[in-house]
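Report on one structure; see the data block that follows.
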Amino acid sequence: MNAHASTARADHSQPVHIGDHLREWRQRRRMSQLDLAGEAEISARHLSFVETGRAAPSRDMVLRLAERLDVPLRERNLLLVAAGYAPAFPQRPLEDPALKSARQAIGLVLRAHEPNPALAYDRHWNLVTANRMVAPLLEGIPERLLGQPFNVLRLAFHPEGLAPRTVNLAEWCAHLLERLHRQCEATADPELIKLYHDLKSYPIPARSGPLSSDNVAIPLKLRHDGGILSFFSTTMVFGTPVDITLSELALETFFPADERTAGWLKQTAANMA
Numbered sequence: 106m107n108a109h110a111s112t113a114r115a116d117h118s119q120p121v122h123i124g125d126h127l128r129e130w131r132q133r134r135r136m137s138q139l140d141l142a143g144e145a146e147i148s149a150r151h152l153s154f155v156e157t158g159r160a161a162p163s164r165d166m167v168l169r170l171a172e173r174l175d176v177p178l179r180e181r182n183l184l185l186v187a188a189g190y191a192p193a194f195p196q197r198p199l200e201d202p203a204l205k206s207a208r209q210a211i212g213l214v215l216r217a218h219e220p221n222p223a224l225a226y227d228r229h230w231n232l233v234t235a236n237r238m239v240a241p242l243l244e245g246i247p248e249r250l251l252g253q254p255f256n257v258l259r260l261a262f263h264p265e266g267l268a269p270r271t272v273n274l275a276e277w278c279a280h281l282l283e284r285l286h287r288q289c290e291a292t293a294d295p296e297l298i299k300l301y302h303d304l305k306s307y308p309i310p311a312r313s314g315p316l317s318s319d320n321v322a323i324p325l326k327l328r329h330d331g332g333i334l335s336f337f338s339t340t341m342v343f344g345t346p347v348d349i350t351l352s353e354l355a356l357e358t359f360f361p362a363d364e365r366t367a368g369w370l371k372q373t374a375a376n377m378a
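All residue numbers for the sequence shown refer to my numbering, where the first residue is 106 and numbers rise by one.
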């Protein structure tokens, strides 16, 4: 299902019957009833009855089907409610005492990554927190674009944000759009779909051609102080979350892609000490 189809689905009223929900997720994952039934170790006949409303699934079956379909935790709660059961997965604010250990882990990763930049953002790419090395890269950007919460992707594409500073703007933004498109496909989240189409409306040049075979990762190249800083990034997520907030949190860590960038980071960190 492409982003256009995802948008079309998001514009319609949401299905309310558990069978409708399951059929949409199965089709989104491009699985046949036979494939899903085999994965969930139930009969295809019974799955067909569930999808058409002729049979009511148990709570365990709903969770098993949702797991096989890789349904996000937030939507698994919706499936349970549609089937007449209570939600199974809590959603706490990050400040909740129950998430104290997770907050500490996030802070540890961000601090330990210095002098390299690192940040955390939510499911819609809104900044949650960042280490102190992110701020120097945003110097000179209008304050109104940095109000909390600010959207990391919008900042990358905005003509008053990072876009004018990005040397390889076409390649970097194409990479970000591809990541966002995969999220839209995986989650069918209406806000992410809207964000995807909003970002495509920005005046970003088209990618000129395939990347050089010499590249091992797409770098982020920023003009800064008369030179160019070059980074590559990795993304981290919590491996076994059962809380919705944690399941939707991502940590992006940036590394210097050349010696000049590494030296600038070390010097900047020393000046901030």
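Ideal Cβ positions, reconstructed from N, Cα and C, are used throughout, including at glycine.
Supposed close pair residue i, residue j - CB separation, criterion 8 Å
i	j	result
leucine 325	asparagine 221	Their Cβ separation, rounded to whole angstroms, is 12 Å, which puts leucine 325 and asparagine 221 out of contact at 8 Å.
valine 176	isoleucine 123	Contact doesn't hold; Cβ gap of about 12 Å is too wide.
leucine 285	tyrosine 301	5 Å
leucine 354	aspartate 227	6 Å
serine 338	glutamate 357	6 Å
leucine 351	alanine 207	6 Å
leucine 141	arginine 131	5 Å
methionine 238	alanine 378	12 Å between Cβ atoms; not a contact.
alanine 225	isoleucine 211	6 Å
Residue i (DSSP reduced to helix, strand or coil)
i	result
serine 148	coil
leucine 354	coil
asparagine 273	coil
asparagine 376	helix
aspartate 125	helix
alanine 210	helix
alanine 362	coil
isoleucine 333	strand
threonine 339	strand
asparagine 256	strand
valine 239	coil
Exposure label - residue i; buried when at least 16 CB within 10 Å
i	result
asparagine 236	buried
alanine 121	It should be pointed out that residue 121 corresponds to valine in this sequence rather than to alanine. Exposed, because fewer than 16 other Cβ atoms sit within 10 Å of the Cβ of valine 121.
asparagine 376	exposed
threonine 340	exposed
glutamate 156	buried
alanine 223	buried
threonine 292	buried
leucine 386	The shown model of the chain, from 106 to 378, leaves out residue 386, and the question about it has no answer.
arginine 133	buried
threonine 366	buried
valine 257	buried
From the options, residue whose alpha carbon lies closest to that of residue i
i	options	result
isoleucine 333	Arg312, Val347 and Glu364	Glu364
leucine 183	Gly368, Glu276, Arg164 and Ser335	Arg164
phenylalanine 255	Ala374, Asn231, Glu296 and Glu244	Asn231
glutamate 265	Ala225, Glu244, Ala362 and Glu276	Glu244
leucine 204	Pro295, Val347 and Leu282	Val347
threonine 234	Pro310, Phe262, Val214 and Ala161	Val214
glutamate 129	Leu170, His151, Arg150 and Glu144	Leu170
arginine 276	Pro310, Leu297 and Leu258	Reading the sequence as shown, one finds glutamate at residue 276 and not arginine. Nearest of Pro310, Leu297 and Leu258 to glutamate 276, Cα basis: Pro310.
proline 295	Ala240, His229, Arg249 and His280	His229
proline 198	Ile349, Ala362 and Glu248	Ile349
histidine 280	Leu297, Ala261, Ile298 and Glu290	Ala261
arginine 312	Leu282, Cys289 and Gln288	Leu282
isoleucine 323	Ala145, Arg249, Leu304 and Pro361	Pro361
glutamine 372	Glu219, Leu185, Phe154 and Arg181	Glu219
alanine 145	Ile298, Leu174, Pro202 and Met238	Leu174
leucine 178	Ala374, Arg150, Ala378 and Thr345	Thr345
glycine 189	Arg216, Asp201, Pro202 and Gly158	Gly158
Worksheet item: Taking one C-beta from the stretch 322 to 337 and one from the stretch 191 to 199 each time, how about it: are there three or more such pairs within less than 8 Å?
Response: no
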